[in-house]
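Student:
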Amino acid sequence: MIKTLVSIEVDLAASRAIRFASQLNYLRHMEIYPVYVKETPPRELSIGSGWARHHWERELVQQGKAEIMEMISSEWEFSPTLKEPQVVWGDRDWELLKIMETEQFEVFVDGERFEWTPANLHRKLQSRLWQHFPGVIGIARVLRKIERLLVLCTEDKGVQPLVQKISHLWEGSSLPVALACPRSASPDLAQEAAKAKEVLAQAGCQVSFEADFPYFPELPAPGFLRTYGLVALALNRDLRKDSPELDWLSQIKAPLLITLY
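Sequential numbering from 2 applies to the sequence shown in the numbering used here.
(1) Mind pulling the alpha helix (DSSP H) runs of 4 or more residues that sit fully within the region 104 to 192?
(2) Taking just the CA atoms, how far does Glu-85 sit from Glu-193?
(3) Can you find the residues in the same chain that come closer than 7 Å, C-beta to C-beta, to His-133, ignoring five residues on each side of it along the sequence?
(4) Given this structure, state the Cα-to-Cα distance separating Leu-61 from Tyr-34, to the nearest angstrom.
(5) Just the C-alpha distance for Ile-253 and Thr-103, rounded to the nearest angstrom, thanks.
(6) So what does DSSP say about Leu-257, is it helix, strand or coil?
(7) For Ser-128, count neighbouring Cβ atoms within 10 angstroms of its own Cβ and tell me buried if that reaches 16, exposed if not.
(8) Using a Cβ-Cβ distance cut-off of 7 Å, determine whether Leu-28 contacts chain B.
(9) If you follow the alpha helix (DSSP H) that Tyr-27 is part of, which residue opens it and which one closes it?
(10) Say whether the region 7 to 23 touches the region 204 to 222, bearing in mind that this needs 3 or more beta-carbon pairs closer than 8 Å, one atom from each stretch.
(11) When the distance is taken between beta carbons, is Gly-65 closer than 7 Å to Tyr-27?
(12) Which residue or residues does DSSP assign as beta-bridge partners of Ile-73?
(13) Use the C-beta contact count for Glu-45: other C-beta atoms within 10 angstroms, 16 or more gives buried, fewer gives exposed.
(14) Should Gly-159 be labelled buried (16 or more other beta-carbon atoms within 10 Å of its own) or exposed?
(15) Would you grab the beta carbon distance between Ile-259 and Ile-100 for me? Rounded to a whole angstrom, and I think it's under 8 Å.
(16) Quick one: what does DSSP say Phe-214 is sitting in, helix, strand or coil?
(17) Could you work out which residue in Gly-136, Ser-209, Arg-241 is closest to Cys-182 when comparing CA atoms only?
(18) Would you check if the distance between the CB atom of Ser-75 and the CB atom of Ser-23 is smaller than 7 Å?
(19) Relative to the alpha-carbon of Ile-167, which residue among Val-108, Ala-18, Leu-190 has its alpha-carbon at the smallest distance?
(20) Are three or more beta carbon pairs between the region 144 to 153 and the region 166 to 180 nearer than 8 Å?
(21) Compute the distance between the beta-carbons of His-123 and Leu-247, then report whether it is under 7 Å.
(22) Would you tell me roughly how many angstroms separate the C-alpha atoms of Ile-73 and Arg-142, rounded to the nearest one?
(23) Cutting at 6 Å between CB atoms, please list the residues of its own chain near Ala-18, excluding the five before and the five after it.
(24) Cutting at 8 Å between CB atoms, please list the residues of its own chain near Gly-228, excluding the five before and the five after it.
(25) If you reduce the DSSP assignment to three classes, tell me which class Gln-207 lands in.
(26) Hey, out of Thr-82, Trp-117, Asp-189, whose CA is closest to Phe-21's CA?
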């Protein structure tokens with residue numbers, strides 16, 4: 002079974018992230034593990050050491066659990082495989098990384114809590130959390146009804162890392178997969194994309210191939226991505242700030258599945 006870690010806080014982005022994970026669960030059975038990292042209070046408010054500190058830490062976690070349970074209780078109706086939230090306190094990225102190191106998750110759903118610009122996307126890409134997570138990263142900037150999965154191939158070296166993870170995640174799913182290669186694709190990219198179609202087909206995916214996709218690096222026509230509902234692509238871990246991928250992503254509104262290579 003696919004294990005999915007969802008980073009949540011007491012906000013709308015957390016609700017959206019849980020519902021996005023739940024949408025994926027209907028397409029491919031998953032166990033959804035929400036984690037709420039309560040921010041460490043200012044240093045001057047912390048309490049010494051020993052019994053007093055342990056008691057203070059427990060109180061902090063219990064307070065966080067009460068906060069998040071009020072928000073998450075309404076989500077169980079939509080998310081039958083949603084586990085009880087884990088609450089920890091500390092630095093968000095560091096605590097999530099520790100959890101990822103002790104358990105193997107195939108998907109990490111991160112709440113979108115920043116202005117959607119190329120610069121901010123680049124900073125997110127360079128975060129230690131994204132850089133160290135080996136699986137698929139889901140971003141629910143908006144929610145859409147998922148009709149098809151668009152797998153967009155933009156760089157020849159990223160195609161195989163992307164398709165290997167998507168074929169595992171989507172294995173046997175009834176949701177159609179549209180594999181797309183841009184009009185401007187190099188011969189190497191076109192060749193890798195053609196190979197990717199075979200990998201997806203062997204995984205039992207209902208895959209079609211569009212070798213002349215018109216909407217990268219050009220933007221999709223208004224409403225075009227609504228016919229899919231979900232977009233997957235690979236990003237180089239050392240992607241430049243001025244890359245066409247980041248510029249494209251900053252201007253679209255669609256749930257994303259991102260693989261880093």
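From the three backbone atoms N, C-alpha and C, an ideal C-beta is built for every residue, glycine too.
Tutor: On the basis of the data shown:
(1) Considered as a whole, the region 104 to 192 harbours 119 to 126, 129 to 133, 157 to 170 as its complete alpha helix (DSSP H) runs of no fewer than 4 residues, in chain order.
(2) Residue 193 sits at position 192 when you count from the first residue of the sequence shown. Residue 85 sits at position 84 when you count from the first residue of the sequence shown. Roughly 41 Å separates the two Cα atoms.
(3) Residue numbering aside, residue 133 sits at position 132 when the sequence shown is read from its first letter. Same-chain partners within the cutoff: Leu-98.
(4) Start at 1 with the first residue of the sequence shown, and residue 61 comes out as number 60. Start at 1 with the first residue of the sequence shown, and residue 34 comes out as number 33. Cα to Cα, the separation comes out at about 20 Å.
(5) As a first step, residue 253 is located in the sequence shown; it is residue number 252 there, counting from the start. As a first step, residue 103 is located in the sequence shown; it is residue number 102 there, counting from the start. So the alpha carbons of these two residues sit roughly 35 Å apart.
(6) Position 256 of the sequence shown, counting from 1, holds the residue named residue 257. The DSSP-derived three-state label of Leu-257 is strand.
(7) Within the sequence shown, residue 128 is the residue found at index 127, counting from 1. Result: exposed.
(8) No chain B is part of this structure, which consists of one protein chain only.
(9) On the sequence shown, residue 27 is found 26 positions in, with the first residue counted as 1. Where Tyr-27 is concerned, the enclosing alpha helix (DSSP H) stretches over 13 to 28.
(10) Short answer: they don't touch.
(11) Position 26 of the sequence shown holds residue 27. Position 64 of the sequence shown holds residue 65. Cβ distance not < 7 Å, so Tyr-27 and Gly-65 don't count as in contact.
(12) Within the sequence shown, residue 73 is the residue found at index 72, counting from 1. The bridge partners DSSP lists for Ile-73 come to none.
(13) Residue numbering aside, residue 45 sits at position 44 when the sequence shown is read from its first letter. Since pLDDT at Glu-45 reaches only 44, below the 50 mark, its modelled position is unreliable, and no value is offered.
(14) By 1-based counting over the sequence shown, the position of residue 159 is 158. Residue environment analysis places Gly-159 among the buried positions, since at least 16 neighbouring C-beta atoms fall within 10 angstroms of its C-beta.
(15) Within the sequence shown, the letter at position 258 stands for residue 259. Within the sequence shown, the letter at position 99 stands for residue 100. Your pair Ile-259 and Ile-100 does not check out as a contact, with CB atoms roughly 19 Å apart and the cut at 8 Å.
(16) Locating residue 214 in the sequence shown gives position 213, counting from the first residue. Correct three-state label for Phe-214: strand.
(17) As a position in the sequence shown, residue 182 is number 181, starting the count at 1. Closest option to Cys-182, Cα to Cα, is Ser-209.
(18) On the sequence shown, position 74 is the one that residue 75 refers to. On the sequence shown, position 22 is the one that residue 23 refers to. Not closer than 7 Å, so no.
(19) Residue numbering aside, residue 167 sits at position 166 when the sequence shown is read from its first letter. Per the Cα distances, Val-108.
(20) Touching, per the Cβ criterion.
(21) Locating residue 123 in the sequence shown gives position 122, counting from the first residue. Locating residue 247 in the sequence shown gives position 246, counting from the first residue. In contact: His-123 and Leu-247 (Cβ atoms closer than 7 Å).
(22) By one-based count along the sequence shown, residue 73 stands at place 72. By one-based count along the sequence shown, residue 142 stands at place 141. If I take the Cα positions, the gap works out to 19 Å.
(23) If you number the sequence shown from 1, residue 18 lands on position 17. Within the same chain, Ala-18 has close Cβ partners Val-7, Val-110, Gly-112, Ala-141.
(24) For the purposes of this step, residue 228 is taken as residue 227 along the sequence shown, with counting starting at 1. Residue identity differs from the one stated: residue 228 is Thr in this sequence, not Gly. By the criterion of a C-beta distance shorter than 8 Å, Thr-228 is surrounded in its chain by Glu-148, Arg-149, once the five residues flanking it on both sides are discounted.
(25) Here residue 207 refers to the residue found at position 206 when the sequence shown is read from its first residue. Coil.
(26) Along the sequence shown, read from residue 1 onward, the residue named residue 21 stands at position 20. Closest by alpha carbon: Thr-82.
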